[in-house]
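*Asks:* First residue of the sequence shown? That's 62 in our numbering, and the numbers climb one at a time after it. Glycine is no exception: its CB is placed at the ideal position from the N, C-alpha and C atoms. Bear in mind the structure is a predicted one, so any value in this text is a computation, not a measurement. Could you have a look at this structure, given as structure tokens, before my questions?
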Amino acid sequence: MTRAAGIRSASFRLLLVASVIGIGGYAMLLPVVPLWAARGGSGTFGAGASTGVFMLVTVLTQLAVPWVLRRVGHGWAQAVGLVLLGGPAPLFALSPGLAPVLALSAVRGVGFGLVTVVGVALVAELTPPAERGRASALQGMAVGLPQLAWMPVGVGMVDAFGFELVFLLAAAPVLAALLVPFIRVRPGAGRPAEPSAGAARPEQRSESSLRGTVGPVLAMLACAVAQGGLITFLPLAIGGAGLVVPLALFGTTGGVLVGRLVAGELVDRRGLGGRLLGPGVLIALVGMLAEVCAAGAGTAVLVIAGATVVGIGFGLVQNDSLVAMFAAAGPARYGAASALWNIAYDGGTGMGAVGLGAVAEPFGFRAAFGVAALALALVAPAAFRRRRSGRAHNRKAV
Numbered sequence: 062m063t064r065a066a067g068i069r070s071a072s073f074r075l076l077l078v079a080s081v082i083g084i085g086g087y088a089m090l091l092p093v094v095p096l097w098a099a100r101g102g103s104g105t106f107g108a109g110a111s112t113g114v115f116m117l118v119t120v121l122t123q124l125a126v127p128w129v130l131r132r133v134g135h136g137w138a139q140a141v142g143l144v145l146l147g148g149p150a151p152l153f154a155l156s157p158g159l160a161p162v163l164a165l166s167a168v169r170g171v172g173f174g175l176v177t178v179v180g181v182a183l184v185a186e187l188t189p190p191a192e193r194g195r196a197s198a199l200q201g202m203a204v205g206l207p208q209l210a211w212m213p214v215g216v217g218m219v220d221a222f223g224f225e226l227v228f229l230l231a232a233a234p235v236l237a238a239l240l241v242p243f244i245r246v247r248p249g250a251g252r253p254a255e256p257s258a259g260a261a262r263p264e265q266r267s268e269s270s271l272r273g274t275v276g277p278v279l280a281m282l283a284c285a286v287a288q289g290g291l292i293t294f295l296p297l298a299i300g301g302a303g304l305v306v307p308l309a310l311f312g313t314t315g316g317v318l319v320g321r322l323v324a325g326e327l328v329d330r331r332g333l334g335g336r337l338l339g340p341g342v343l344i345a346l347v348g349m350l351a352e353v354c355a356a357g358a359g360t361a362v363l364v365i366a367g368a369t370v371v372g373i374g375f376g377l378v379q380n381d382s383l384v385a386m387f388a389a390a391g392p393a394r395y396g397a398a399s400a401l402w403n404i405a406y407d408g409g410t411g412m413g414a415v416g417l418g419a420v421a422e423p424f425g426f427r428a429a430f431g432v433a434a435l436a437l438a439l440v441a442p443a444a445f446r447r448r449r450s451g452r453a454h455n456r457k458a459v
């Protein structure tokens, strides 16, 4: 299929199916592996390190993915990534010791780095600009629905059936690799186009692209730190609270889906690309302040509501930042824009796990969540500066 076929093409639909299956394995283990590491006696910092190492290797891999795409193409990169993400999952059952947990997390991080960048780049390669807001929202649904289901269910299954079954089910991304050969990308996708006569020089385009991504990257980083901290530490901070943690995880992932769907419609139908970052950051800030209060009071409703609000804000930021970065980068740099967006997402998640874990160890979870709220407050001005320049940016990008 060609990119002109857009969101109705078979290739785009297969991309969504592969994303649902592949991300399911990631989502199931994201809150479970820290619990497994804690079971092995690694403590709060060790639990956070399991997520931190996973995200660190993910980010390092994402840096190389544009180079990989130019040499092996989208298909091989996506298939190998899915196998590396799912294949090691059952091996966690062999030992809860910190060393094997971190080693397996690192291998899975390589796979996740490949899968995330290729998946987002394919959104741009398979759809025209006029459909990109909705295409990004649909891809967000394909990524978010497995998290909505498997993050809370994974934690619940550990309590009901033990870790081993969860580790086995998390191998599902290997099955998604079977769909990859049927996702057709036009020849030359991911390779830089030759500049046309009168076009801006590469260094000019790079400078413009850099300016266009600062606000989106900062907003993504701050929101990812907040949600990454919640996903990693809510099972530890609200231990023994019955359904509160599963409902909070359900709320924050469901909130992301709502935020992304709303943003997709507002960007494509209302031309608000680049102007949802500020509101999204402020909404996430309100949610984190609720978690700060809940960590002190232990109010179940506040824990669930705060996590949901963080998710909604992050969803707005995810979709709007991705569309803005594709527009700033241009067709020759879709892979690079995807890598940068994913690095902000996964790097922020890792920073939330490791950094907030380091704060929580001596000062408690209330202080850790407060640090995440402070990061959102500091980033908000940059996000609103992006909002003020959004209208002019949209006119250039159409």
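1. Grouping DSSP H, G and I as helix and E and B as strand, with all else coil, what is T369?
2. Is it a yes or a no for the region 110-129 touching the region 159-176, going by three-plus beta-carbon pairs under 8 Å?
3. Among I82, G180, A154 and S156, whose alpha-carbon lies nearest the alpha-carbon of A400?
4. Can you say whether T313 is buried or exposed, counting buried as having 16 or more other CB atoms within 10 angstroms of its CB?
5. Indicate whether P92 and L310 have their beta-carbon atoms separated by less than 8 Å.
6. Taking only the alpha-carbon atoms, compute the straight-line gap between G411 and T177 and give it to the nearest angstrom.
7. When the Cα atoms are used, what is the spatial distance from A438 to A283?
8. Whole angstroms is fine: what's the gap from L337's alpha carbon to G372's?
9. What is the DSSP secondary structure of T105, counted as helix, strand or coil?
10. What first and last residue would you give for the alpha helix (DSSP H) that runs through A88?
11. According to the neighbour-count rule (16 or more other Cβ atoms, all chains shown, within 10 Å of its Cβ), is G396 buried or exposed?
12. Who are the Cβ neighbours of I244 in its own chain at under 6 Å, not counting the five residues just before and after it?
13. Measuring CA to CA, which of E352, V120 and F228 is closest to L175?
14. With 16 as the cutoff for other CB atoms within 10 Å, does F321 come out buried or exposed?
15. If contacts are defined as beta-carbon pairs under 8 Å, then L318 and L206 qualify, I think. What distance do you get, rounded to the angstrom?
16. Does the distance from the CB of F228 to the CB of P151 come in under 8 Å?
17. Tell me, please, whether the region 422-435 touches the region 347-362 by the rule of three or more beta-carbon pairs shorter than 8 Å.
18. In this structure, does DSSP put V432 in helix, strand or coil?
19. Expressed to the nearest angstrom, what Euclidean distance is found between the alpha-carbon atoms of A237 and F106?
20. What residue from V305, R132, L377 and A210 has the CA that sits closest to A285's CA?
21. Assuming A191 contacts V81 under a Cβ cut-off of 8 Å, what Cβ separation, rounded to an integer in Å, is found between them?
22. Answer yes or no: do R195 and D381 have a C-beta to C-beta separation smaller than 8 Å?
23. Is G376 helix, strand or coil when you go by DSSP?
24. What does the Cβ neighbour count give for P127, buried or exposed, with the cut at 16 atoms within 10 Å?
25. Taking the C-alpha atoms as reference points, what is the distance between L230 and G86?
26. G194 lies in the alpha helix (DSSP H); which residues open and close that run?
27. Given V241, which residues of its chain have a CB within under 8 Å of its CB, disregarding the five upstream and five downstream residues?
28. For a test of the three-state rule: what should DSSP assign to V246, helix, strand or coil?
29. Where does R169 fall in DSSP's three states?
30. To the nearest angstrom, report how far apart L96 and P234 are at their CA atoms.
31. Between A356 and F426, is the Cβ-Cβ spacing less than 8 Å?
32. Out of V275, R69, V306 and I344, which has the shortest C-alpha to C-alpha gap to A389?
33. Using alpha carbons as the reference points, say which of L146, A361, S103 and G408 lies closest to L117.
34. Taking its Cβ as the centre, do 16 or more other Cβ atoms sit within 10 Å of G102, making it buried, or is it exposed?
*Replies:* Quick answer:
1. The residue you call residue 369 lines up with position 308 of the sequence shown. In this structure, T369 counts as helix in the three-state DSSP scheme.
2. Under the 8 Å Cβ criterion, the region 110-129 counts as touching the region 159-176, having at least three qualifying pairs.
3. Walking along the sequence shown from the start, residue 400 turns up at place 339. If we check each option's Cα against that of A400, G180 comes out closest.
4. Your numbering for residue 313 matches position 252 in the sequence shown. Buried.
5. Walking along the sequence shown from the start, residue 92 turns up at place 31. Walking along the sequence shown from the start, residue 310 turns up at place 249. Yes, the Cβ-Cβ distance between P92 and L310 is below 8 Å.
6. Translated into the one-based positions of the sequence shown, residue 411 becomes position 350. Translated into the one-based positions of the sequence shown, residue 177 becomes position 116. Put simply, the backbone Cα of G411 is about 15 Å away from that of T177.
7. For the purposes of this step, residue 438 is taken as residue 377 along the sequence shown, with counting starting at 1. For the purposes of this step, residue 283 is taken as residue 222 along the sequence shown, with counting starting at 1. In a straight line, the C-alpha of A438 is about 9 Å away from that of A283.
8. As a position in the sequence shown, residue 337 is number 276, starting the count at 1. As a position in the sequence shown, residue 372 is number 311, starting the count at 1. Roughly 14 Å separates the two Cα atoms.
9. Translated into the one-based positions of the sequence shown, residue 105 becomes position 44. Three-state result, T105: helix.
10. Numbered from its first residue, the sequence shown carries residue 88 at position 27. It spans A71 to L90 - the alpha helix (DSSP H) in which A88 sits, taken as one unbroken run.
11. Taking the first residue of the sequence shown as position 1, residue 396 is located at position 335. Counting Cβ neighbours within 10 Å, G396 comes out buried, since at least 16 surround it.
12. In the sequence shown, counting from the first residue as 1, residue 244 sits at position 183. Taken in chain order, the residues that qualify are S72, L75 and L76.
13. Taking the sequence shown and counting its residues from 1, the one referred to as residue 175 is at position 114. Distance from the Cα of L175 is smallest, within the candidate group E352, V120 and F228, for V120.
14. Reading the sequence shown from its first residue, position 260 is the one you call residue 321. Here residue 321 is Arg; the residue named in the question, Phe, does not match the sequence. Buried, by the Cβ-count rule.
15. Walking along the sequence shown from the start, residue 318 turns up at place 257. Walking along the sequence shown from the start, residue 206 turns up at place 145. Contact between L318 and L206 holds, with the beta-carbon distance rounding to 7 Å and staying under 8 Å.
16. Within the sequence shown, residue 228 is the residue found at index 167, counting from 1. Within the sequence shown, residue 151 is the residue found at index 90, counting from 1. Pairing F228 with P151 gives a Cβ-Cβ distance under 8 Å.
17. The region 422-435, when compared against the region 347-362, does touch it at the 8 Å Cβ threshold.
18. In the sequence shown, counting from the first residue as 1, residue 432 sits at position 371. V432 falls in the helix class under three-state DSSP.
19. In the sequence shown, counting from the first residue as 1, residue 237 sits at position 176. In the sequence shown, counting from the first residue as 1, residue 106 sits at position 45. When rounded, the distance between both Cα atoms is 33 Å.
20. One-based indexing of the sequence shown puts residue 285 at position 224. Ranking the options by Cα distance to A285, first place goes to L377.
21. Counting from one through the sequence shown, the residue named residue 191 turns up at place 130. Counting from one through the sequence shown, the residue named residue 81 turns up at place 20. For a cut-off of 8 Å, the C-beta gap from A191 to V81 is around 25 Å, too long to register as a contact.
22. Translated into the one-based positions of the sequence shown, residue 195 becomes position 134. Translated into the one-based positions of the sequence shown, residue 381 becomes position 320. No Cβ-Cβ contact shorter than 8 Å links R195 with D381.
23. The residue labelled residue 376 in the question sits at position 315 within the sequence shown. Helix at G376.
24. Here residue 127 corresponds to residue number 66 of the sequence shown, with the count starting at 1. Buried: at least 16 other Cβ atoms inside 10 Å.
25. Working through the sequence shown from its first residue, we reach residue 230 at position 169. Working through the sequence shown from its first residue, we reach residue 86 at position 25. When rounded, the distance between both Cα atoms is 7 Å.
26. Reading the sequence shown from its first residue, position 133 is the one you call residue 194. Following the DSSP letters along the chain, one finds G194 inside the alpha helix (DSSP H) bounded by residues R193 to F222.
27. Counting from 1 along the sequence shown, the entry for residue 241 is found at position 180. Here the set comprises A79, G136, Q139, A140 and L143.
28. Your numbering for residue 246 matches position 185 in the sequence shown. DSSP places V246 outside both helix and strand once states are collapsed to three, so it counts as coil.
29. Taking the first residue of the sequence shown as position 1, residue 169 is located at position 108. In the three-state reduction of the DSSP assignment, R169 falls in the helix class, which pools H, G and I.
30. Within the sequence shown, numbered from 1, the residue matching residue 96 stands at position 35. Within the sequence shown, numbered from 1, the residue matching residue 234 stands at position 173. When rounded, the separation of the alpha-carbon atoms in L96 and P234 is 22 Å.
31. Indexing the sequence shown from 1 puts residue 356 at position 295. Indexing the sequence shown from 1 puts residue 426 at position 365. In contact: A356 and F426 (Cβ atoms closer than 8 Å).
32. Residue numbering aside, residue 389 sits at position 328 when the sequence shown is read from its first letter. It is V275 whose Cα lies nearest to the Cα of A389.
33. Along the sequence shown, read from residue 1 onward, the residue named residue 117 stands at position 56. Closest option to L117, Cα to Cα, is G408.
34. Looking up residue 102 in the sequence shown gives position 41. Classification for G102: exposed.
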